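These notes concern the structure reproduced below.
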Amino acid sequence: MAFNGEIMMRKGLTLILLVCGLFSGQLMAGHKGHEYVWVKNVEHQLRHEADSDELRSVAEESAEGLREHHLWQKSRKPDTHFR
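In the working numbering, each residue's number is its place in the sequence shown (first place is 1) plus 467.
This is the structure in structure tokens:
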């Protein structure tokens, strides 16, 4: 009989964890720093994704330029030796 109770306890815990996992995204969407946007139609969603892709590519290009400039500046510095 104790074995059957242990199985039921394990199933109950599994169910609770599953429900918490399923609804955690909805709860996090309401927290500060997370934006939950309702999409009115497909055209609006596609425009939003295109804008996001464009912004992402501009940011990546800018980051690459800054990275190259930093490496160039770093290569011009004389080596320092600590003793």
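Glycine included, each C-beta is placed from N, C-alpha and C at the ideal position. Predicted model, so just to flag it, every value in this text is computed and none were measured.
(message) Suppose you measure from the CA of L538 to the CA of A526; what does that come to, to the nearest Å?
(response) 18 Å
(message) Suppose the cutoff is 7 Å on Cβ atoms and the five residues either side in sequence are ignored; what does the same chain contact list for H548 look like?
(response) For H548, where only same-chain residues beyond five positions count, there are no Cβ hits under 7 Å.
(request) Check W539 in the structure and name its three-state DSSP category. (result) Of the three classes helix, strand and coil, the one that applies to W539 here is helix, per DSSP.
(request) Note down the Cα distance separating H536 from D546, rounded to an integer number of angstroms. (result) Here the alpha carbons of D546 and H536 stand approximately 18 Å from one another.
(message) Give me, in chain order, the residues of the same chain whose beta-carbon lies closer than 6 Å to that of Q512; leave out the 5 immediate sequence neighbours on both sides.
(response) Hits under 6 Å: V506.
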